Amino acid sequence: MYEEFVLGHTDAYKKTQGDNELIYTWTADASDWAIIPVAKYADTELMLNGKKLSHKDYTLSGIGTPTVQQKAGKNTLKITYRIRTWFKALIVVNILSWLSVVIYLGIKK
Numbered sequence: 082m083y084e085e086f087v088l089g090h091t092d093a094y095k096k097t098q099g100d101n102e103l104i105y106t107w108t109a110d111a112s113d114w115a116i117i118p119v120a121k122y123a124d125t126e127l128m129l130n131g132k133k134l135s136h137k138d139y140t141l142s143g144i145g146t147p148t149v150q151q152k153a154g155k156n157t158l159k160i161t162y163r164i165r166t167w168f169k170a171l172i173v174v175n176i177l178s179w180l181s182v183v184i185y186l187g188i189k190k
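Going by my numbering, the first residue of the sequence shown is number 82, and it counts up by one from there.
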């Protein structure tokens, strides 16, 4: 499946990296469906040609690669991953825990 949905489609796309986003650009001869060779996770957000896509705007393959409706001409798909607030809070708690351990060990000596 990986070969079918990812390796077989990489040449048609130009990939660049922006601020916290992966950008795929390609030119299409006609309006049709395009398989994007990237995995989409639950918190991945897709924006095609400036429009944020909902789950109704694309389909996913068995390995999670999205298929989107391209337009004739230049297409741009921006892929971002939204980090949930609870995860950010967990990182802060983790850092504070490590700082507490370091301070405790420093005082104990």
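Using N, Cα and C, we set each Cβ at its ideal position, and we do this for glycine too. Please read these numbers as outputs of a predicted model, since none were measured by experiment.
Report buried or exposed for K121, applying the criterion of at least 16 other Cβ atoms within 10 angstroms of its Cβ.
buried
Determine the DSSP secondary structure at D193, reduced to helix, strand or coil.
Given that the chain is displayed from residue 82 to residue 190, the structure contains no residue 193 and the question cannot be resolved.
Could you compute how far the alpha carbon of W167 sits from the alpha carbon of Q151?
35 angstroms
So is I117 buried or exposed if we call it buried at 16+ other beta carbons inside 10 Å?
By the Cβ-count criterion, I117 is buried, with 16 or more other Cβ atoms from all chains shown falling within 10 Å of its own Cβ.
Along the beta strand (DSSP E) that carries Y139, what are the first and last residues, could you check?
139-141
Between K159 and the rest of its own chain, which residues show a CB-CB distance below 6 angstroms, the 5 nearest in sequence each way excluded?
E102, I104, M128
In terms of residue numbering, what span does the beta strand (DSSP E) encompassing V149 cover?
147-151
Mark T146 as exposed unless 16 or more other C-beta atoms lie within 10 angstroms of its C-beta, in which case mark it buried.
Buried is the call here.
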